[in-house]
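If you're matching them up, the sequences are chains A and B in order. Going by the working numbering, the first sequence opens with residue 1, and the numbers climb by one from there. Going by the working numbering, the second sequence opens with residue 114, and the numbers climb by one from there. Glycine included, each C-beta is placed from N, C-alpha and C at the ideal position. Heads up: the structure comes next, in structure tokens.
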Amino acid sequence: NAGVMQNPRHLVRRRGQEARLRCSPMKGHSHVYWYRQLPEEGLKFMVYLQKENIIDESGMPKERFSAEFPKEGPSILRIQQVVRGDSAAYFCASSPVSSQPQHFGDGTRLSIL
Amino acid sequence: SQQGEEDPQALSIQEGENATMNCSYKTSINNLQWYRQNSGRGLVHLILIRSNEREKHSGRLRVTLDTSKKSSSLLITASRAADTASYFCATDEKGWKAAGNKLTFGGGTRVLVKP
Numbered sequence: 001n002a003g004v005m006q007n008p009r010h011l012v013r014r015r016g017q018e019a020r021l022r023c024s025p026m027k028g029h030s031h032v033y034w035y036r037q038l039p040e041e042g043l044k045f046m047v048y049l050q051k052e053n054i055i056d057e058s059g060m061p062k063e064r065f066s067a068e069f070p071k072e073g074p075s076i077l078r079i080q081q082v083v084r085g086d087s088a089a090y091f092c093a094s095s096p097v098s099s100q101p102q103h104f105g106d107g108t109r110l111s112i113l
Numbered sequence: 114s115q116q117g118e119e120d121p122q123a124l125s126i127q128e129g130e131n132a133t134m135n136c137s138y139k140t141s142i143n144n145l146q147w148y149r150q151n152s153g154r155g156l157v158h159l160i161l162i163r164s165n166e167r168e169k170h171s172g173r174l175r176v177t178l179d180t181s182k183k184s185s186s187l188l189i190t191a192s193r194a195a196d197t198a199s200y201f202c203a204t205d206e207k208g209w210k211a212a213g214n215k216l217t218f219g220g221g222t223r224v225l226v227k228p
């Protein structure tokens with residue numbers, strides 16, 4: 001049973017470009033969470049999704065950031081018009097039900113030039 | 114301070130010694146979890162302790178929870194070089210409207226186990 005798959009592992013963008021981060025949850029998991037981690041810090045919650053629904057996006061900046069988890073396919077975290085401050089590691093986690101421990105992917109490290 | 118603060122921030126020990134790290138939090142919680150993160154990797158779930166539990170064991174790991182003090186500790190016994198990693202506690206807030214498992218992480222304890 002494959003774990004949570006994130007791609008790409010590393011992404012380099014220039015300021016003003018768009019970044020798309022993908023996350024395929026573990027098989028049978030319908031709850032997806034996105035977190036952001038700055039160097040030497042813990043993870044910060046961004047958004048919680050179930051299939052086709054955003055349940056809580058209280059941790060996500062209101063502008064430039066969006067997330068989706070379509071009926072078919074991976075969850076996508078999209079950052080438009082990236083700025084230097086968006087440089088971070090972005091982690092996706094999934095769980096089968098909301099009360100179970102979350103399983104994390106290895107993250108996407110986003111670097112903004 | 115933030116929800117889920119770990120103490121100490123960094124810990125250096127010899128192989129075979131025990132490693133203890135603490136976590137404090139601010140709100141009422143449903144459960145508290147500990148995760149390990151190796152450099153450049155994602156988080157690996159270690160252990161979950163529910164708010165009505167006081168102590169839990171898993172292999173060389175021992176976790177305690179004191180809800181009156183809003184604190185938890187993680188003990189790794191007989192440490193190995195492979196235990197070198199960052200350790201994070203994470204809490205989920207009681208009464209979160211979405212009834213999901215939104216986790217709040219502390220800043221982590223970086224543990225170095227020297228062979």
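Return the Cβ separation of residue i and residue j in integer angstroms, given the expectation that the two are a contact with Cβ distance under 8 Å.
{"i": "lysine 227/B", "j": "glutamine 127/B", "result": "5 Å"}
{"i": "serine 103/B", "j": "glycine 221/B", "result": "Residue 103/B falls outside the range modelled here, since chain B spans only 114 to 228, and no answer is possible."}
{"i": "arginine 78/A", "j": "glutamate 18/A", "result": "7 Å"}
{"i": "asparagine 144/B", "j": "leucine 161/B", "result": "5 Å"}
{"i": "glutamine 50/A", "j": "phenylalanine 65/A", "result": "The Cβ separation is near 19 Å, so there is no contact."}
{"i": "valine 224/B", "j": "leucine 124/B", "result": "5 Å"}
{"i": "arginine 167/B", "j": "leucine 188/B", "result": "Their Cβ separation, rounded to whole angstroms, is 14 Å, which puts arginine 167/B and leucine 188/B out of contact at 8 Å."}
Given that a residue counts as buried once 16 or more other Cβ atoms are within 10 Å of its Cβ, and exposed if not, what is residue i?
{"i": "serine 94/A", "result": "buried"}
{"i": "serine 75/A", "result": "buried"}
{"i": "glutamine 81/A", "result": "exposed"}
{"i": "tyrosine 165/B", "result": "A small correction: the amino acid at residue 165/B is asparagine; tyrosine does not occupy that position in the sequence shown. By the 10 Å Cβ count, asparagine 165/B comes out exposed."}
{"i": "glutamate 119/B", "result": "buried"}
{"i": "lysine 215/B", "result": "buried"}
{"i": "proline 25/A", "result": "buried"}
{"i": "aspartate 205/B", "result": "buried"}
{"i": "serine 192/B", "result": "buried"}
{"i": "alanine 67/A", "result": "buried"}
{"i": "alanine 89/A", "result": "buried"}
Considering only the alpha carbon of each residue, which of the options lies closest to residue i?
{"i": "valine 32/A", "options": "Leu38/A, Asp106/A, Cys23/A", "result": "Cys23/A"}
{"i": "glycine 105/A", "options": "Glu18/A, Gln17/A, Tyr35/A", "result": "Tyr35/A"}
{"i": "glycine 194/B", "options": "Asn131/B, Asp120/B, Glu119/B, Glu118/B", "result": "According to the sequence as given, residue 194/B is alanine; it is not glycine. Ranking the options by Cα distance to alanine 194/B, first place goes to Asn131/B."}
{"i": "phenylalanine 45/A", "options": "Arg154/B, Glu168/B, Lys182/B, Ala203/B", "result": "Ala203/B"}
{"i": "proline 114/A", "options": "Trp147/B, Pro121/B, Gln122/B", "result": "Examination of residue 114/A is not possible in this model, given that chain A is present from 1 through 113 alone."}
{"i": "glycine 28/A", "options": "Gly85/A, Pro61/A, Ala2/A", "result": "Ala2/A"}
{"i": "glutamine 6/A", "options": "Gly73/A, Asp86/A, Leu113/A", "result": "Gly73/A"}
Quick one: does the C-beta of residue i sit closer than 7 Å to a heavy atom of the ligand MN?
{"i": "glutamine 37/A", "result": "With respect to the ligand MN, the structure shown offers nothing to examine, as it has no ligands at all."}
For residue i, return the contacting residues in chain E, with the cut-off set at a CB-CB distance below 7 Å.
{"i": "leucine 43/A", "result": "The displayed structure is made up of protein chains A and B, and chain E is not among them."}
Contact residues within the stretch 158-185 of chain B, judged by C-beta distance below 7 Å to chain A: Residues of the stretch 158-185 of chain B whose Cβ lies closer than 7 Å to any Cβ of chain A, in chain order: His158, Leu161.
Interfacial residues, the stretch 12-25 of chain A to chain B, with Cβ spacing under 9 Å: In summary, no residue of the stretch 12-25 of chain A has a CB separated from any CB of chain B by less than 9 Å.
Selection of the stretch 94-106 of chain A by Cβ proximity to chain B, strictly under 9 Å: Cβ contacts with chain B come from Ser95, Val97, Ser98, Ser99, Gln100, Pro101, Gln102, His103, Phe104, Gly105, Asp106.
Interface positions of the stretch 133-158 of chain B facing chain A (Cβ-Cβ less than 9 Å), listed along the chain: Cβ contacts with chain A come from Asn143, Asn144, Gln146, Tyr148, Gln150, Gly153, Arg154, Gly155, Leu156, Val157, His158.
Chain B contacts from the stretch 52-74 of chain A (Cβ-Cβ distance under 7 Å): Along the stretch 52-74 of chain A, going in chain order, the ones with a CB nearer than 7 Å to a CB of chain B are Ile55, Asp56.
Completely contained beta strand (DSSP E) runs for the stretch 41-93 of chain A, where each covers 3 or more residues: Every beta strand (DSSP E) stretch that sits fully inside the stretch 41-93 of chain A and reaches 3 residues is listed by chain position as 43-50, 53-56, 65-68, 75-79.
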